[in-house]
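Our numbering puts the first residue of the sequence shown at 29, with every later residue one more than the last.
We put the beta carbon where it would ideally sit given N, CA and C, even for glycine.
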Amino acid sequence: MKTALYVHVPFCLQRCAYCDFNTYSGLLSLRADYVTVLRQEIRYRAALYPEIAAPTLYFGGGTPSLLLPEEIGAVIGDARQHFRLAADAEITLEANPGTVDGETLRGLYAVGVNRLSLGVQSAHNDELRMLGRIHTWDEAVSAGAAARQAGFDNVSIDLIYGLPGQTLARWKTTLERAVALEPQHLSLYALTLEPETPLAQAVDAGRLPAPDPDLAADMYEHASEVLCRAGYWQYEISNWARGVSASPTAWALPPAGLTEAIGPWVGRHNLVYWRNQPWLGLGAGACSWLGGRRWSNLRHPVAYMQAGQAGHWPETDVEVIASSLERGETLMLGLRLAEGVSDAQFRGRFGVGLAEAYRDTLAQLAAAGLVEWDGVRLRLSARGRLLGNQVFGAFLP
Ligand code: SF4
Numbered sequence: 029m030k031t032a033l034y035v036h037v038p039f040c041l042q043r044c045a046y047c048d049f050n051t052y053s054g055l056l057s058l059r060a061d062y063v064t065v066l067r068q069e070i071r072y073r074a075a076l077y078p079e080i081a082a083p084t085l086y087f088g089g090g091t092p093s094l095l096l097p098e099e100i101g102a103v104i105g106d107a108r109q110h111f112r113l114a115a116d117a118e119i120t121l122e123a124n125p126g127t128v129d130g131e132t133l134r135g136l137y138a139v140g141v142n143r144l145s146l147g148v149q150s151a152h153n154d155e156l157r158m159l160g161r162i163h164t165w166d167e168a169v170s171a172g173a174a175a176r177q178a179g180f181d182n183v184s185i186d187l188i189y190g191l192p193g194q195t196l197a198r199w200k201t202t203l204e205r206a207v208a209l210e211p212q213h214l215s216l217y218a219l220t221l222e223p224e225t226p227l228a229q230a231v232d233a234g235r236l237p238a239p240d241p242d243l244a245a246d247m248y249e250h251a252s253e254v255l256c257r258a259g260y261w262q263y264e265i266s267n268w269a270r271g272v273s274a275s276p277t278a279w280a281l282p283p284a285g286l287t288e289a290i291g292p293w294v295g296r297h298n299l300v301y302w303r304n305q306p307w308l309g310l311g312a313g314a315c316s317w318l319g320g321r322r323w324s325n326l327r328h329p330v331a332y333m334q335a336g337q338a339g340h341w342p343e344t345d346v347e348v349i350a351s352s353l354e355r356g357e358t359l360m361l362g363l364r365l366a367e368g369v370s371d372a373q374f375r376g377r378f379g380v381g382l383a384e385a386y387r388d389t390l391a392q393l394a395a396a397g398l399v400e401w402d403g404v405r406l407r408l409s410a411r412g413r414l415l416g417n418q419v420f421g422a423f424l425p
């Protein structure tokens, strides 16, 4: 069974001011032992799920670029051996520009990583400082250049917009500079002020201005237009990939209604999530969705390692997903894609067509101009992609 693999690396040199991910500073001394336990988990899960064949492997975090290339290589080797990782698998690694140099990147490429996701975030050093990032813009540029020299032809860049005090002009500069690096892929995220984070506390205390959601929406629309003109297809609400042909509009249906037809640079791993297909998460706090169940591993790396060293792999937050919820989630996730959800595929999976399952909801959303529905395919309208949360909620039971 085709199942994407996710590996979580819960270490960072320093916590960014906005981050609420499952990651920790000050625990890097655990790195080698963590990898040992992770490799034991691979064997354990492979014995439980011998049917898995993995088309993609994604190292996320945290900061996976803090692992040694040989450690990454060992995990890739295990995935090939135990999960039948495909010969042409997309193998992505998230890298913090402040943690990589030419030698590391050559090492990562040599052990099989073929897609690099660089957390650049901003082209302005004062914004990077405000975010608590450990790198400067120049270091991000150097990391991008070193990645090319190391052999990476598939580089993605992450940027954040809607920052406290950020103007449209400064966002435009960030975007222009990022595009000038000629990445194959861009992911743009609106800043979310997560409770308890230092950035949220600074805003709450009045030390930083609150982000303006209307301005953030302008930034998003500007990015959509600029990236379309620069040769990128917006294939998902927050993701753009360089296309083999130009995108006719900023939110166009991909050729033949298929994201992969845009070109080889779409993120194949995340497509699995958006199509609500199975994935297996490995490592501390990693979440899995497989066989109609969702679960998480123990969240803290020390707890995860202690249990693993004792031969236990507890599953927490276990949910058995009812068919009605799976249908709703399939729509909620699928509508994030410009390809939307095809009626034939939905019917093939759930035995019922979209019109039958959601007649009134579809009529209401179409009347509000939030979706396009022609009886064959359902997708967000250009307006709907700005108001996605309103649409997604309508499909959940
Ligand atoms: S580098 Fe990424 S995972 Fe680590 S603290 Fe910063 S945002 Fe969070």
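Using a Cβ-Cβ cut-off of 6 Å (strictly less than) and excluding sequence neighbours within five positions of H250, which residues of its own chain qualify?
-> Mapped onto the sequence shown, residue 250 falls at position 222. Closer than 6 Å at the Cβ level, and outside the excluded window around H250, lies no residue.
Could you tell me which residues DSSP puts in a beta bridge with K30?
-> The count along the sequence shown starts at 1 and reaches residue 30 at position 2. Its beta-bridge partners are A81.
Residues of its chain near S324, where Cβ-Cβ distance is below 8 Å and the 5 sequence neighbours each way are ignored | Within the sequence shown, the letter at position 296 stands for residue 324. Excluding residues within five positions, the ones whose Cβ falls inside 8 Å are G309, G313, A314, C315, S316, E343, T344 and D345.
Would you be able to state if there are at least three C-beta pairs under 8 Å between the segment 95–114 and the segment 142–155?
-> no
Can you list, in chain order, the stretches of the alpha helix (DSSP H) that have 4 or more residues and sit fully within the segment 119–149?
-> 130–138
Classify E347 as helix, strand or coil using the three-state DSSP reduction.
-> Looking up residue 347 in the sequence shown gives position 319. Of the three classes helix, strand and coil, the one that applies to E347 here is strand, per DSSP.
C-beta contact flag for V37 and G311 at 8 Å = Position 9 of the sequence shown, counted from the start, is the residue given in the question as residue 37. Position 283 of the sequence shown, counted from the start, is the residue given in the question as residue 311. Yes; because the gap between Cβ atoms is below 8 Å, this pair is in contact.
Spatially closest choice to I185 from H213, W199 and V65, by CA coordinates = Position 157 of the sequence shown holds residue 185. When each option's Cα is compared against that of I185, the closest is H213.
Run the CB neighbour count on E98, radius 10 Å, all protein chains shown included, and call it buried at 16 or more, exposed below.
-> Sequence index remark: in the sequence shown, residue 98 carries index 70 (1-based). E98 is exposed by the Cβ-count criterion.
Which residues in the same chain have their Cβ closer than 7 Å to the Cβ of K200, if we skip the five residues on either side of it in sequence?
-> By one-based count along the sequence shown, residue 200 stands at place 172. If we look at K200 and ignore the five residues flanking it on each side, its Cβ neighbours are H250.
C-beta atoms of C44 and R161 nearer than 8 Å = As a working mapping, residue 44 is identified with position 16 in the sequence shown. As a working mapping, residue 161 is identified with position 133 in the sequence shown. Yes, these two residues count as a Cβ contact at 8 Å.
Would you kindly work out how many angstroms separate the C-alpha atoms of I290 and R270, rounded to a whole number?
-> Numbered from 1 along the sequence shown, position 262 holds the residue referred to as residue 290. Numbered from 1 along the sequence shown, position 242 holds the residue referred to as residue 270. When rounded, the distance between both Cα atoms is 8 Å.
Cβ distance (whole Å) where A394 is taken to contact W401 below 8 Å = Counting from 1 along the sequence shown, the entry for residue 394 is found at position 366. Counting from 1 along the sequence shown, the entry for residue 401 is found at position 373. Yes, they are in contact, since the Cβ atoms of A394 and W401 sit about 5 Å apart, within 8 Å.
What span of residues does the alpha helix (DSSP H) with E224 cover, start to end?
-> Stepping through the sequence shown from its first residue, residue 224 is reached at position 196. It is not in any alpha helix (DSSP H) - E224 carries neither H nor E in the DSSP assignment.
Closer than 7 Å: G147 CB and nearest the ligand SF4 heavy atom | Numbered from 1 along the sequence shown, position 119 holds the residue referred to as residue 147. In this structure, G147 has its beta carbon less than 7 Å from a heavy atom of the ligand SF4.
List the endpoints of the continuous alpha helix (DSSP H) containing S252.
-> What you label residue 252 is simply residue 224 of the sequence shown in a count that begins at 1. S252 -> alpha helix (DSSP H) spans P241 to R257.
Range of the contiguous beta strand (DSSP E) that encloses E288 = Here the question's residue 288 lines up with position 260 in the sequence shown. Where E288 is concerned, there is no enclosing beta strand (DSSP E), given that its DSSP letter is neither H nor E.
Leaving out the 5 sequence neighbours to the left and right, which residues in its chain are closer than 7 Å to R375 when beta-carbon positions are compared?
-> Taking the first residue of the sequence shown as 1, we reach residue 375 at position 347. G381, listed in sequence order.
Identify every run of the alpha helix (DSSP H) within the segment 263–333, keeping only runs that are complete inside it and at least 4 residues long; order them along the chain.
-> Fully enclosed alpha helix (DSSP H) runs of 4 or longer: 296–302.
State the start and end residues of the unbroken beta strand (DSSP E) segment that holds S170.
-> As a working note, residue 170 is residue 142 in the sequence shown. Not the beta strand (DSSP E): S170 falls in the alpha helix (DSSP H), residues W165 to A178.
What are the partner residues of D48, as DSSP defines its beta bridges?
-> By one-based count along the sequence shown, residue 48 stands at place 20. In the DSSP output, where bridge partners are listed per residue, D48 has none listed.
Nearest chain B C-beta to V399 closer than 8 Å, yes or no?
-> Looking at the structure shown, chain B is missing, and only one protein chain is on hand.
Which residue or residues does DSSP assign as beta-bridge partners of F87?
-> Taking the sequence shown and counting its residues from 1, the one referred to as residue 87 is at position 59. V35 and L121.
Using beta-carbon positions only, say whether A115 and P83 come within less than 8 Å of one another.
-> Position 87 of the sequence shown, counted from the start, is the residue given in the question as residue 115. Position 55 of the sequence shown, counted from the start, is the residue given in the question as residue 83. Their beta carbons are not under 8 Å apart, which means A115 does not touch P83 by this criterion.
Kindly list the residues whose CB is nearer than 7 Å to the CB of F423, restricted to its own chain and excluding five residues on each side of it in sequence; keep chain order.
-> Looking up residue 423 in the sequence shown gives position 395. Contacts found: G356, L359, M360, Y386 and T389.
Which stretch, first to last residue, makes up the alpha helix (DSSP H) that contains E69?
-> Here residue 69 is taken as the residue at index 41 of the sequence shown, counted from 1. Residues R59 to L76.
Grouping DSSP H, G and I as helix and E and B as strand, with all else coil, what is I104?
-> By one-based count along the sequence shown, residue 104 stands at place 76. In this structure, I104 counts as helix in the three-state DSSP scheme.
Identify which residue in R321, G54, V419 and E264 has its Cα closest to the Cα of V294.
-> The sequence position of residue 294 within the sequence shown is 266, counting from 1. If we check each option's Cα against that of V294, E264 comes out closest.
Pick helix, strand or coil for H213, following the three-state DSSP scheme.
-> Numbered from 1 along the sequence shown, position 185 holds the residue referred to as residue 213. Three-state result, H213: strand.
C-alpha distance - A81 paired with E384, whole-angstrom precision | Within the sequence shown, numbered from 1, the residue matching residue 81 stands at position 53. Within the sequence shown, numbered from 1, the residue matching residue 384 stands at position 356. Rounded to whole angstroms, A81 to E384 spans 34 Å at the Cα level.
Boundaries of the alpha helix (DSSP H) in which W199 is found, first to last residue | As a first step, residue 199 must be located in the sequence shown, where it is residue number 171. First-last of the alpha helix (DSSP H) with W199: L196 to A208.
Does DSSP put E367 in a helix, a strand or coil?
-> On the sequence shown, residue 367 is found 339 positions in, with the first residue counted as 1. Residue state, collapsed to three classes: coil.
Please classify R235: is it buried, with 16 or more other beta-carbons within 10 angstroms of its beta-carbon, or exposed?
-> Here residue 235 refers to the residue found at position 207 when the sequence shown is read from its first residue. Label assigned to R235: exposed.
Under 8 Å, do L426 and T31 count as touching if we go by C-beta distance?
-> Any property of residue 426 remains undetermined from this structure, which presents the chain solely from 29 to 425.
Where S352 falls: helix, strand or coil (DSSP) | As a first step, residue 352 must be located in the sequence shown, where it is residue number 324. In this structure, S352 counts as helix in the three-state DSSP scheme.
Nearest neighbour of A280, chosen from R59, P223 and L255 [CA to CA] | Along the sequence shown, read from residue 1 onward, the residue named residue 280 stands at position 252. Nearest option by C-alpha distance: L255.
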